[in-house]
Amino acid sequence: MVTRADIGVIGGSGLYSLLDDATEVEVTTPYGPPSDVITVGRIGSRPVAFVPRHGRDHRFPPHRIPYRANLWALRSLGVRQVLAPSAVGSLRPEIGPGALVVPDQIIDRTSGRTQTFYDSDGVVHVSFADPYCPIGRATAVATARSGGWPLVDGGTLVVIEGPRFSSRAESRWFSANGWTIVGMTGFPESVLARELAMCYTSLSLVTDHDAGVEAGEGVTHEEVLAFFATNVTRMRSLVADVVTALPDERTCPCPGTLDGLKIPFDLPE
Ligand SMILES: [Zn+2]
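According to the UniProt record's numbering, the sequence shown is numbered sequentially starting from 1.
Below is the structure:
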């Protein structure tokens with residue numbers, strides 16, 4: 001029975017069936033419970049921990065997800081590399097539904113979300129110049145490319161507070177800034193992973209064009225869900241292939257994130 005894993009996946013509940021020999025692990029954290037019990041199992045020979053980002057019954061909207069508990073819980077199970085599949089809207093006419101974007105930059109347009117573990121004793125500034133793990137990104141890009149995905153290597157994800165979608169003017173402004181895709185969960189998830197010295201890689205599946213680049217009435221929740229549902233199988237096999245391709249040893253800069261910093265508590269091992 002597997003109860004620890006070095007790779008974690010935070011994603012939609014359609015990904016449960018990825019895991020063989022699955023065991024449910026209840027984890028408590030100083031930040032409350034994670035979105036749901038964590039399922040630990042294997043993909044091929046690799047132990048993997050899975051947390052359904054919105055909860056199994058989809059009870060957490062993006063602004064209410066217990067982001068800190070999710071990351072802390074994964075790290076306490078041994079996770080050091082996180083894959084984060086999610087649905088996004090495209091800000092570019094040439095990037096259509098079904099494309100995979102592996103962003104290399106992020107813009108935070110959220111508000112009111114707790115975005116740090118280091119909010120009590122002492123000051124801890126982590127580097128976030130390059131928000132994503134370079135090895136995780138390269139692995140995801142190579143895997144998607146060999147799987148024949150319509151693929152965008154790099155790009156900027158703008159994370160909005162939600163749960164509403166963007167207005168047309170906001171969306172046009174995002175596009176005019178050169179940003180690539182828009183989502184609601186990529187922040188603070190990515191920075192919290194960084195604060196725990198974990199690798200974090202976003203696998204962003206485009207489900208629609210955002211309001212500013214489409215001519216119709218704007219995106220609806222039903223459309224996003226329906227599109228994502230038809231793509232669950234594709235995403236599942238992509239996540240499995242990326243897990244298999246990730247290196248055992250981390251040679252990226254992520255493990256050194258906290259070197260030389262004075263951390264006010266012990267990180268979970
Ligand atoms: Zn890394």
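Beta carbons are placed, not taken as given, at the ideal position from N, Cα and C, and that holds for glycine. Quantities reported herein were computed from a predicted structural model and do not represent experimental measurements.
Per DSSP, the unbroken alpha helix (DSSP H) holding residue 76 starts and ends at 67-76. When C-alpha distances from residue 203 are compared across 172, 140 and 210, the shortest belongs to 140. Judged by DSSP in its simplified three-state form, residue 187 adopts helix.
Scanning its chain for C-beta atoms nearer than 6 Å, with the 5 sequence neighbours on each side dropped, one finds around residue 155 the residues 101, 103 and 180, in chain order.
Under the three-state reduction of DSSP, residue 154 is assigned to coil, being neither helix nor strand. Relative to ligand 1, residue 136 has its C-beta within less than 7 Å of a heavy atom.
Three or more Cβ pairs closer than 8 Å define a contact, and the region 183-197 meets that threshold against the region 106-125. In this structure, residue 160 sits near residue 184, with a CB-CB distance shorter than 8 Å. In the DSSP assignment, residue 90 falls within the beta strand (DSSP E) that extends over 81-90. In this structure, residue 68 sits near residue 31, with a CB-CB distance shorter than 8 Å.
Residue environment analysis places residue 1 among the exposed positions, since fewer than 16 neighbouring C-beta atoms fall within 10 angstroms of its C-beta. One thing to note: residue 211 has its Cβ within 8 Å of the Cβ of residue 219.
Contact check for residue 245 against residue 116 fails: the beta carbons are separated by 8 Å or more.
DSSP lists 151 and 205 as the bridge partner or partners of residue 100. If you look at residue 24, you'll find it isn't in any alpha helix (DSSP H); it sits in the beta strand (DSSP E) that goes 20-25. Shortest gap from the CB of residue 194 to any heavy atom of ligand 1: 7 Å or more. Per DSSP, the beta bridge partners of residue 52 are 11. Beta-bridge annotation (DSSP): residue 39 is paired with 24 and 50. Short note on residue 250: C-beta closer than 7 Å to some heavy atom of ligand 1.
In the DSSP assignment, residue 241 falls outside any beta strand (DSSP E) and lies within the alpha helix (DSSP H) extending over 232-245.
For residue 109, there is no enclosing alpha helix (DSSP H); the enclosing beta strand (DSSP E) covers residues 105-109.
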